[in-house]
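Novice: Residue numbers (this note's numbering): 298 to 621.
In this text, a Cβ means the ideal position worked out from N, Cα and C, and glycines have one as well.
The structure follows.
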């Protein structure tokens, strides 16, 4: 019996809840046989898949080692913990939760510091005047070094933060910080401000694939089945089903609907009785319905599909293109 495909999922908190909800929308149940304390799980709909419940940092480590095939974790951790991330993993899709920006923040009292260039000037002057470099408190050491290097800033030293990073300037252990923020309220409460061009990374939770994992034929098949469901749910979110029937429904009308409203006839053209099913973007529904009624339709029905499966799967294709 071949080894299962393994997905690393956050083991607690809001990230875990959001991950469960994300998979559930795609018809994928993450089952923990012994409840919340069970660190292994299954997917009843896809028996060849196993769930590993881990911390977000552990998921990144396991992805880098190829110990899991997929992982749900923040892009900020991937970029920070895996130096050559684009060579070792594939960020398949942003999941719409876990939003946070990695930013450079300085004291509000530094009224002359608005840009990274201003910060460079202040850092150089600070070094010349005090004989030491400005201290940057952060947990994001690699991201900070790369970002400061891109801006030509060298007069600084990193103080690795083990606690609440935003409190470092007030505590006197650093002059500025690099940290994550969602609303900026915590930074403001600590009398800090984000430098105008100091957003290092706009992060969110991602579905990440490990290139070093054991992608056997079974693993690829299970991965395809998983990504088929996810892609079908994503496609449904951006689609509305429009149905009608009238004698004037013909191939020429379908072609015009496609050109004007981006509508497609996934089941082929109109039937001999004039029955027509179209898929179109949500923002084109009302215009398309008006057009169809102008052509002779008495009624136009609109529904939101739960899933729209297609032969092509951009998520799996993105992964397959990187696998040997």
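Is DSSP giving residue 304 helix, strand or coil here?
Specialist: Strand at residue 304.
Novice: Per DSSP, which residues does residue 598 bridge with? Please list them.
Specialist: Per DSSP, 540.
Novice: What span of residues does the beta strand (DSSP E) with residue 404 cover, start to end?
Specialist: That run of the beta strand (DSSP E) goes 397-404.
Novice: Compare the beta carbon distance of residue 375 and residue 505 with 8 angstroms and say whether it is the shorter of the two.
Specialist: A contact, by the Cβ cut-off of 8 angstroms.
Novice: Within a Cβ cutoff of 7 angstroms, which residues of the same chain sit near residue 472, ignoring the five residues on either side of it in sequence?
Specialist: Taken in chain order, the residues that qualify are 431, 432, 466.
Novice: What is the residue span of the alpha helix (DSSP H) that residue 315 lies within?
Specialist: That run of the alpha helix (DSSP H) goes 310-322.
Novice: According to the Cβ coordinates, are residue 259 and residue 315 closer than 8 angstroms?
Specialist: Here the chain comprises residues numbered 298 to 621, so residue 259 is not present and cannot be evaluated.
Novice: Would you mind listing the beta strand (DSSP E) stretches within the region 436-462 that are 3+ residues and don't spill past its ends, in chain order?
Specialist: Whole beta strand (DSSP E) segments, 3+ residues: 453-457.
Novice: How should residue 593 be labelled, buried or exposed, when 16 other C-beta atoms within 10 angstroms of its C-beta is the threshold for buried?
Specialist: Exposed, by the Cβ-count rule.
Novice: Thinking C-beta only, is residue 325 closer than 8 angstroms to residue 347?
Specialist: Contact flag unset, no.
Novice: Residue range of the alpha helix (DSSP H) that residue 606 falls in?
Specialist: From DSSP, residue 606 is part of no alpha helix (DSSP H); its letter is neither H nor E.
Novice: Below 8 angstroms between beta carbons: does that hold for residue 573 and residue 607?
Specialist: No, Cβ-Cβ distance for residue 573 and residue 607 is not below 8 angstroms.
Novice: Does the structure place the region 349-361 close enough to the region 444-463 that three or more beta carbon pairs sit under 8 angstroms?
Specialist: Touching, no.
Novice: Looking only at C-alpha atoms, which of 578, 561, 474, 319 sits nearest to residue 370?
Specialist: Nearest C-alpha to residue 370: 319.
Novice: So, are the CB atoms of residue 398 and residue 524 less than 8 angstroms apart?
Specialist: Taking 8 angstroms as the Cβ cut-off, residue 398 and residue 524 do not qualify as a contacting pair.
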